[in-house]
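Some notes on the structure that comes next.
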Amino acid sequence: MKKIKITAITVLAALIFTACSNTAPDENINNGGVITESAPSENVTDKNDENGSATASEAPAETEIEPAQTDEAEYNFTPVLTEDDIEYMGIPYKELTVDRFIQLWAQCTRECNVQRLYVISYGNCNYDELGSEEKGKRSEEDVKEYMEQLLHLELIGRMLFGYYDVELHELEDAPEGYYDDVENKDGELHYLITYKSMMYENGSVFAEGNEERWITLKKVGGYWKIGIQFASAPYFFEGGPVAEGSAG
Numbered sequence: 001m002k003k004i005k006i007t008a009i010t011v012l013a014a015l016i017f018t019a020c021s022n023t024a025p026d027e028n029i030n031n032g033g034v035i036t037e038s039a040p041s042e043n044v045t046d047k048n049d050e051n052g053s054a055t056a057s058e059a060p061a062e063t064e065i066e067p068a069q070t071d072e073a074e075y076n077f078t079p080v081l082t083e084d085d086i087e088y089m090g091i092p093y094k095e096l097t098v099d100r101f102i103q104l105w106a107q108c109t110r111e112c113n114v115q116r117l118y119v120i121s122y123g124n125c126n127y128d129e130l131g132s133e134e135k136g137k138r139s140e141e142d143v144k145e146y147m148e149q150l151l152h153l154e155l156i157g158r159m160l161f162g163y164y165d166v167e168l169h170e171l172e173d174a175p176e177g178y179y180d181d182v183e184n185k186d187g188e189l190h191y192l193i194t195y196k197s198m199m200y201e202n203g204s205v206f207a208e209g210n211e212e213r214w215i216t217l218k219k220v221g222g223y224w225k226i227g228i229q230f231a232s233a234p235y236f237f238e239g240g241p242v243a244e245g246s247a248g
């Protein structure tokens, strides 16, 4: 891992992580992320009755709106792995250093391995308004929904991301001891990653580039976990854009 002094970060459009909010998901969105609506049926009113009163008559057959037909499936993700089922280069998951963990994560993205990604990820949205039990439940739900979205994209021929040549960077400007004794810390740690991103559609690369992003990691029960969203700058960050090549 490289320790670098950051004076700022380049802002790039987030391409992989799901957007989160503090509000409940829209009830009209199914597990595959498809919004479905049923059209209301209406009667046509005849204003030409002799008595001047409106009478209801059926709309002509050719103007009737048929209910939308859809073959969209629901994508219900069922996890089957535990932490004990995962290793990287022969090393058990629990024994991975943070540098090796980030390589495990990168490998999972290249393989679109949602079973492993589910185990090694956590929801890093803002759950400040929730209690500890609710936070855990909401985080689990967000991660599960994210895996279902990846399954949906894979089924229609798109692999949304794959990370190559990933490097993890600690920040020299972080408070003293920030990266130490993570086992006894609550909350998240911010790191910067640099990487080559490749995205595929129907077996062909349709986007690639060299990028850098903030991420959040934390250790839960001895296991490193990564937030499903890219992060914003940490609270102690006070710089402007990162000079090109300064995080290499």
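First residue of the sequence shown? That's 1 in the numbering used here, and the numbers climb one at a time after it. Backbone N, C-alpha and C define an ideal beta-carbon position, used for all residues, glycine too.
Nonlocal neighbours in the same chain, by C-beta distance under 8 Å from residue i, ignoring five residues either side
i: T82; result: V119
i: G203; result: G157
i: L150; result: C112, V114, L117, L160
i: Y88; result: L96, R100, F101, Q103, L104, Q107
Contact belief for residue i with residue j at Cβ below 8 Å, rounded distance in angstroms
i: V166; j: Y195; result: 4 Å
i: R110; j: Y163; result: 7 Å
i: D142; j: I228; result: 7 Å
i: L189; j: L217; result: 5 Å
i: K94; j: G177; result: That pair is no contact at about 23 Å.
Selection from the options that minimises the alpha carbon distance to residue i
i: I226; options: T78, L104, E95; result: L104
i: V98; options: P175, L168, R138; result: L168
i: G187; options: R213, I91, E95, G136; result: G136
i: F101; options: H152, E211, E170, W224; result: W224
i: P175; options: I91, E87, P234, A106; result: P234
i: E273; options: R138, S232, D180; result: Nothing in the structure corresponds to residue 273, since the chain is present only between 1 and 248.
i: F237; options: E154, N124, D173; result: D173
i: K106; options: M1, L155, I193; result: The sequence given here has Ala at residue 106, not Lys. Among M1, L155, I193, the Cα nearest to that of A106 belongs to I193.
Assigned secondary structure, residue i (DSSP; H/G/I helix, E/B strand, else coil)
i: I86; result: coil
i: L189; result: strand
i: M1; result: coil
i: A231; result: strand
i: I156; result: coil
i: T216; result: strand
i: F236; result: coil
i: D99; result: helix
i: G222; result: coil
i: G162; result: coil
i: T78; result: coil
i: G123; result: coil
i: E141; result: helix
i: E111; result: helix
i: G136; result: helix
i: T63; result: Low per-residue confidence applies at T63: pLDDT is 38, beneath 50, and the placement is therefore not dependable, though the value from the model is reported in the following sentence. The answer is helix: DSSP assigns T63 an H, G or I state.
i: E176; result: coil
Environment of residue i [buried if 16+ CB atoms lie within 10 Å]
i: T78; result: exposed
i: D298; result: The structure shown does not extend to residue 298, since the chain is modelled only from 1 to 248, so the question has no answer here.
i: E290; result: The first residue shown for the chain is 1 and the last is 248, placing residue 290 beyond what the model contains.
i: E148; result: buried
i: N124; result: buried
i: A207; result: exposed
i: L155; result: exposed
Beta-carbon contacts of residue i that lie in its chain and below 6 Å, excluding the five residues immediately before and after
i: C108; result: R116, L117
i: V205; result: M198
i: Y200; result: M159
Residues near residue i by beta carbon distance below 7 Å, same chain, minus five either side
i: N210; result: K196
i: I91; result: R100
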